[in-house]
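Residue numbers for the sequence shown, in numbering that gives the first Met the number 0: 0 to 109. Just so it is clear, CB atoms sit at the ideal spot from N, CA and C, and this is done for glycine as well. Reading through the structure tokens given below for one structure.
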Amino acid sequence: MSASLVYYLEPIARELSIDDVIGVEPEVTGGVLTGRLAHPNVRAEQKAIRLREWLGAPALGPIEDTTVHAYGNSSGDHELLALADRAWWLGRSSKCPDFARPFRPGTALC
């Protein structure tokens, strides 16, 4: 999941054998880019909303029967990190939210 265009994410996902991506989808009408987005930008609360939709989870409350691992490096990731069972912060340690763990090289992710 990223606030980047799916056109960038999909080739990377294929290379890494990742089946699905959630990213920014431009609106296309009649085969032409309109300059608008097909859905709201995948940032902040939209990351949590889109993850819940993708999982088929209720809009509110805990996500059940799934262990969510999330990684973030900006304030636009806080809502996603808050949903995660395992939240990792890759940004400046001084900006690490309370609900995430700072990631350092060599950190065990399990």
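Contact check, residue i vs residue j, beta carbons under 9 Å
{"i": "A47", "j": "L82", "result": "yes"}
{"i": "S92", "j": "P104", "result": "no"}
{"i": "L4", "j": "G22", "result": "yes"}
{"i": "L79", "j": "L50", "result": "yes"}
{"i": "A99", "j": "G71", "result": "yes"}
Simplified DSSP state of residue i, which is helix, strand or coil
{"i": "R85", "result": "strand"}
{"i": "L8", "result": "helix"}
{"i": "R103", "result": "coil"}
Outcome for residue i when other beta-carbon atoms lying within 10 angstroms are tallied against a minimum of 16
{"i": "W88", "result": "buried"}
{"i": "H68", "result": "exposed"}
{"i": "A58", "result": "exposed"}
Within-9 Å CB hit, residue i to chain D
{"i": "P96", "result": "The structure shown has no chain D; it contains just one protein chain."}
key: Every unbroken alpha helix (DSSP H) within the stretch 27 to 80, with a cutoff of 4 residues, ordered by chain   = Runs of alpha helix (DSSP H) with 4 or more residues, each lying fully within the stretch 27 to 80, are found at 44 to 54, listed in chain order.
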